[in-house]
Each structure stands twice: as C-alpha cells, then as structure tokens.
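*Asks:* Take the sequence shown: its position 393, counted from the start at 1, is 1263 in this note's numbering, and no numbers get skipped.
Okay, handing you the structure first.
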Amino acid sequence: MDEVATAIYSIGNSTHDLPFDQVVGLSDILRSLTLSASATVGDTVQYLTQEDRHPPLYFVLSHLWVMVFPDADGLPSLAALRACSALLGALAVPVAYWVGRVAYKSALAGSMAAALTAVSPLSIALAQEARHYGLASTLVTASLGCFALAYRRVWRYQPLGIGLTLGWVLINALGFATHYFTLLTYAAEALVLAAIALIQIRQQGWRILVQPVWLQLYGVGIGTAVSIGAWWPLLVGLEGSNQILKSDLSQWTSWINPIVQTLLAWIFTLFTPITFFADTPLRLAAIVITVLVILFAWLRLVPLLIRGLLILEQDADRRPGAWAIGSFLLAIMVIFAVVCYGYGTDITKGLRYTFAYYPAVILLMAGALSIYWPQKLPRGRCSWTIPLWKKRFSGRCLVQITWGLSLISALFVVNNLAFLKFFSPDRFIPFVQAHSEHPIVFAAPVPRYEAKRALGIEFLSVAWEIHRHFPPDQPDSGWEQPPQFLAMGLEAPTVLNWEQRVGESLAQQTNPYDLWILHGGPDLTAYGCVPALDAPQGNKGSYVYRHFTCGSAA
C-alpha cells in the first residue's frame, strides 16, 4: 500500500486525481499512477508536501531515477522503484565499513560491520521496499560514524576539525530531509554528549565547555537544529498522523508489547525465521523449525557477544568505539521508552522505525565478533559447542557460522519467506474471483476530510496488482469481464447518506454483479444488494471486506 504512494509522488502525480463517486474501469482508476512526460521534481515536492507527512528528499531521488525506467504500459516500473530504494540502502555497506573502522580503530571491525550489514535481514527488508527507509538507514549509519569520531575526540580534548563538523551537519540535514524520525537518532547522540559534558564539568569545572572541541560540537548542534527548523512549516499539524500509533496504557499489553517488539527487532537485525502464511502442515513445520534454530543460535551467541565486548573494553584503542555505540543504544532505548510510555505512542509496532538505531546494533555486534576472527586458542578451539555433538569451533568458525545464519535469513527475506508485506492483494484478488459468480465491482470509502493524507492507496494497491498480475485482457487472468471500481469520497467521518450515495453511484449497473466493499458495510437492500451467502464479510490478505450480490441475482 505504501509503495503505491511512493509511485504516485515519485512520478509527480497527486493521489487526489482518483475519480470519485463514479464507477470506472481499470485504466481510469489507475489515472494517478499514469506517467506524464511533463511531470517535474517540483510536482513531486508540491504534491508530497500537500498530501503526505514525509520530507521529500527520497521522493525527489526516486523521481529522477524512475523516470529513466518507465514501464511500456505507461505506469511506473515497480522493479525500478524498489531498485532505487535497494541501491540507496546498499550504500550502508561501505558506510558501515567506514564506521566500524573509525569507531574501533580496526579494519577488521570495519569488514565485520560491512559483512553483517550486507546480510542483515532487517536491513534488507527495509531497503527492498519502495520506501525511504533504506536511505534513512544509510544516513543514520553515517551519522553514527561522525558521532563515534566525536566521542573519541571529546574525551581526548581533540578538535573535531572543519571537515567532520560540516560533514556531520550535512549528513544530519540529509537524514531529516529523508525521514523525520532521524530526530530520535540525533537526540540519543545529544544525550550521550550531554552526559560526557556533565562528567567533564565535575572533573574540571565549567571552563571545559569552552574548549575548541565543545565549541565545534555546539556548531554541529546549531547546524542540525537549523536544518530541522527549516521544515517547521511542514511539521506543524503532524499530530494526529495515521502513522502515529497511539496505545492505551490502561491495558497491560500496551506495557509489554514495546518490550517484546524491541527484543524481536534486535533478534531480526541478525537472524529471522521463516514467517510466511502457515496454511499447510509443511509450512507450519518450516516456521517452527527455523524459530527453534534462531532461538538456539541467539542463546549460544549472546554470552559470546558479551565476552567479546568485555575484551573490547580492555583494549585502549577499541574501547572508545564500544562505549560510543553502546551508550548511544542505551540512550535511544530510553528515548523509545519515553515515547512509548510517556507519550502513549507505540513506535515499536512494525519494524520500520528501527532504522533510527538498528545500524548501531550491527556495529556493536561487529565489534564483538571482530575479537573472535583472529583468535588463536589452544588447538584452535572456541567455547561454542552444539548439543549432542562434541566438536568445538574456532573463533573464526564462530564468526562464519553467525554470518552464514544471517545470510540464510537474508535469503528468506528476498525470497518472500519472511517480512511479508502487510497487504497481500495477490491473495485477495484470487479469493474475490473464487467467491464471485457475476461481474465484479470493487468499492471503498476514501476519507477526504483528513489533512495530510494520501488518498485511496489501499484501494489502488488492488487495482495495480490486477494490472500487473491479473490483466483482464489475458485469457488466464480469471476475469469473465473486466472488474470495475468505485471510490466513494467522504468529506466527514460520519456520512448520513452513505447508502444513498453508494446506491446512486451503482444505479448504472443493470446486470447482476458482485460488489466488494473495502472497510465499509452500508445497508444496500433498497438498492438491490444483499449480503452474499458465500463469504459475506471477513478479512483476506489484510483487506477487510463486505461482499454483496446485486441486481436480479440478489
């Protein structure tokens, strides 16, 4: 669904181009997804800022990219859209190498960070979708590199230098222009630096805060604040966004869920089990087996990671990097807890907002694993053993097994066995065809009253999937007649004449037909429609539907 919004804004169109209150064919309902040679970057920025809640940097880059690779049918190429996000996300691999190298003063740690980033299932899941999370993750990783350098220098009272100061401000500015939640990353970095300031004040007094390194840090803070403030006109009114996930703190689950979801995010950073639909015994067995393997791997790996971090702490060169990344993670976990429990907004739901910190999880693990790679214990042995198998592994083998499990997890993701999309029109459409006896009309209420909202993208996700994989002009598509579509524009949350408006819009349908309404269920008996006997209502592929049989067949 969100990829539909990305496509529309990337090609410089508006979601408000949806034809409302009229029954139309597939080509008409996809009007807002039709490429226009006259569309410009300015159109992308204009429609995005008017209709959505995201800053425009990623969408501008996507516009420049996707207009070079249009589909032959006049619609944007979804493959090109996803490739743009994937390539921007893949830039995190060399960036992670740089961060690991400068944080731990070790090329080996840099290689570990790059290797783990390249196969992180969470990293790949966020980057392969046509959204801005891949670019945001790359910029967060770069910001953490600047932070790690600053952490090391502030303790040694060494100036940051003009290059690091300006580069850090630029990276932070680009990050906030990609996603507003990068502010959580910057806030955590600021908290750690504030803690250092308090420690140094207690040791040497207030005069320490006028040292050149602190003056340059003030410059980074002011520059970042100015780059954020430039977006203030767009930030006003974001309260009430449909992305803000309010939680009822009077329910005990609202206190437990953020903890469980955060733990899963840390696990999925490195490993993920198969999570496809368990609709057969074989699939259920695959899920259970991979879950057990992942749990076992983590139970064995966590003590070894802790041991590796303790060894890092004893190394004067690598200790600052471990402390920088570790303290950042602690600070941002506190910030997430404040948002979830203090503000009543569970931003741990879903995994997309973990881009604000998961690169730090990878960097911390990379530092710990870098200890084991060159390890030469007596007879090349390590403390990791497998039950019922007495063989003991070397430190290098430990790293190889860990990376190999992460690679397998990544293959689960890219082969659609894990991190499935929330909406599955490829499951919904065959279901509709199987439970319909007459020509089909899809309908959906589209709220037009909510400011800053992309309109009809859930509805359009069905139409676009039909166009891509169930084209009515193909004999094996499953359609006896091409489906039709009705987008009902709602100007207020409560619509008194809802049944009348739907009935009047459908009056032109003279032959019997099956009506499938998404997220709505008016009483249409007076207009010749009754709930279908087969699958009258339910949820399929995350689409909540009401199914009516209309016309003389009713």
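Note that CB positions come from ideal geometry on N, CA and C, so glycine has one too.
Exposed or buried, which one is D922 when buried takes at least 16 other CB atoms within 10 Å?
*Replies:* It is buried - the Cβ of D922 has at least 16 other Cβ atoms within 10 Å.
*Asks:* Would you give the residue range spanned by the beta strand (DSSP E) that V1316 belongs to?
*Replies:* Counting along the chain, the beta strand (DSSP E) containing V1316 begins and ends at I1310 to P1317.
*Asks:* Name the one or two DSSP bridge partners that C1399 has.
*Replies:* Note: C1399 sits in a beta bridge opposite C1420.
*Asks:* Does E873 pass the burial test, meaning 16 or more other C-beta atoms within 10 Å, or should it be called exposed?
*Replies:* E873 should be labelled buried.
*Asks:* Using a Cβ-Cβ cutoff of less than 8 Å, which residues in the same chain neighbour V893 once the five nearest sequence positions on both sides are dropped?
*Replies:* For V893, where only same-chain residues beyond five positions count, the Cβ hits under 8 Å are V1311, Q1354, F1355, L1356, S1375, L1376, Q1378 and Q1379.
*Asks:* Please state whether DSSP places M937 in a helix, a strand or coil.
*Replies:* Looking at M937 - three-state DSSP - the assignment turns out to be coil, as it is neither helix nor strand.
*Asks:* Would you kindly check if the distance between the Cβ of A1012 and the Cβ of V963 is under 8 Å?
*Replies:* No, the pair does not count as a contact, with Cβ atoms beyond the cut-off.
*Asks:* Suppose contacts are defined by Cβ-Cβ distances below 8 Å. Is A1047 in contact with L927 by that definition?
*Replies:* Yes, the Cβ-Cβ distance between A1047 and L927 is below 8 Å.
*Asks:* Sort Q916, S976 and L1134 by Cα distance to K1219 and report the nearest one.
*Replies:* Selected option, being the one with the closest Cα: L1134.
*Asks:* Beta-carbon within less than 6 Å of L918's beta-carbon, same chain only, minus the 5 sequence neighbours each way: which residues are those?
*Replies:* Cβ within range, chain order: Y879, P926 and F929.
*Asks:* Within its chain, find whatever has a CB closer than 6 Å to the CB of L1005; leave out the 5 residues flanking it on each side and keep chain order.
*Replies:* Hits under 6 Å: Y928, L958 and T1048.
*Asks:* Ignoring anything shorter than 4 residues, give me the alpha helix (DSSP H) runs that lie fully in the stretch 1071 to 1107, in order along the chain.
*Replies:* If we require 4 residues or more, the alpha helix (DSSP H) runs fully inside the stretch 1071 to 1107 come out as 1082 to 1099 and 1102 to 1105.
*Asks:* For Y1213, which three-state DSSP category applies?
*Replies:* Here Y1213 sits in coil by DSSP.
*Asks:* What do you get for V938, buried or exposed, if any count of 16 or more other CB atoms within 10 angstroms of its CB means buried?
*Replies:* The residue is exposed, with fewer than 16 neighbouring Cβ atoms inside 10 Å.
*Asks:* Can you find the residues in the same chain that come closer than 8 Å, C-beta to C-beta, to E1179, ignoring five residues on each side of it along the sequence?
*Replies:* Residue identity differs from the one stated: residue 1179 is Leu in this sequence, not Glu. Hits under 8 Å: A1192, G1196, L1234, G1237 and A1238.
*Asks:* Out of F1146, V1172, G980 and P1173, which one is the CA nearest neighbour of V1161?
*Replies:* For the residues F1146, V1172, G980 and P1173, the minimum Cα distance to V1161 belongs to F1146.
*Asks:* Return yes when the Cβ of L1385 is within less than 8 Å of the Cβ of E1328, no when it is not.
*Replies:* Contact: no.
*Asks:* For the stretch 1147 to 1217, list the alpha helix (DSSP H) runs that are entirely contained and at least 4 residues long, ordered along the chain.
*Replies:* List check, alpha helix (DSSP H) in window: 1151 to 1183 and 1189 to 1207.
*Asks:* Nearest to R952 by CA position, among G1373, L896, D913 and A875, is which residue?
*Replies:* The shortest Cα separation from R952 among G1373, L896, D913 and A875 belongs to A875.
*Asks:* Since Q916 is in the alpha helix (DSSP H), which residue starts that stretch and which ends it?
*Replies:* Looking at the DSSP string, the run of the alpha helix (DSSP H) that includes Q916 is V911 to E921.
*Asks:* Using 8 Å as the cut-off, can you tell me whether the stretch 1262 to 1272 makes contact with the stretch 1207 to 1226, which would need three or more C-beta pairs spanning the two stretches below that distance?
*Replies:* Output reads no: the stretch 1207 to 1226 does not touch the stretch 1262 to 1272.
*Asks:* Can you name the residues that DSSP bridges to W1386?
*Replies:* According to DSSP, W1386 bridges with F1312 and H1417.
*Asks:* In terms of residues, what are the limits of the beta strand (DSSP E) holding M1358?
*Replies:* Looking at the DSSP string, the run of the beta strand (DSSP E) that includes M1358 is Q1354 to L1360.
*Asks:* In the DSSP assignment, what are the bridge partners of V893?
*Replies:* DSSP, once it has assigned bridges, lists L1356 as partnering V893.
*Asks:* Please classify G1398 as buried or exposed, where buried requires at least 16 other C-beta atoms within 10 Å of its C-beta.
*Replies:* So G1398 counts as buried.
*Asks:* From the DSSP output, in three-state form, read off Q1131 for me.
*Replies:* Looking at Q1131 - three-state DSSP - the assignment turns out to be helix.
*Asks:* Between R1266, L1360, K1410 and L1268, which lies nearest to P1300 when the distance is taken from Cα to Cα?
*Replies:* Here the closest residue by C-alpha is K1410.
*Asks:* Just to confirm my understanding: we take D887, look at its own chain, exclude 5 residues before and 5 after, and list those with CB closer than 7 Å. What are they?
*Replies:* Same-chain partners within the cutoff: R901 and S902.
*Asks:* Three-state secondary structure (DSSP) at N1042?
*Replies:* Of the three classes helix, strand and coil, the one that applies to N1042 here is helix, per DSSP.
*Asks:* Can the beta-carbon of L1105 be found less than 8 Å from the beta-carbon of V1024?
*Replies:* Contact: no.
*Asks:* Alpha carbon to alpha carbon, how far is V989 from R1251? Give it in angstroms, no decimals.
*Replies:* Confidence in R1251 is poor, its pLDDT being 46 and thus under 50, which makes the residue's placement unreliable; the coordinate value appears in the next sentence. The straight-line gap from Cα to Cα measures roughly 26 Å.
*Asks:* R1177: which of Y1228, S1240, Q1121 and I1041 sits nearest, CA to CA?
*Replies:* It is S1240 whose Cα lies nearest to the Cα of R1177.
*Asks:* Three or more C-beta pairs closer than 8 Å, one from the stretch 1026 to 1035 and one from the stretch 1083 to 1099: is that the case here?
*Replies:* Flag = yes, the stretch 1026 to 1035 and the stretch 1083 to 1099 touch.
*Asks:* By how many angstroms is the C-alpha of R1297 removed from the C-alpha of Y1415?
*Replies:* Roughly 13 Å separates the two Cα atoms.
*Asks:* Just reading off the beta strand (DSSP E) that G1408 is part of, what are its end residues?
*Replies:* Where G1408 is concerned, the enclosing beta strand (DSSP E) stretches over Q1407 to K1410.
*Asks:* On the criterion of 16 or more Cβ atoms from any shown chain inside 10 Å, does P946 qualify as buried, or is it exposed?
*Replies:* Flag for P946 reads buried.
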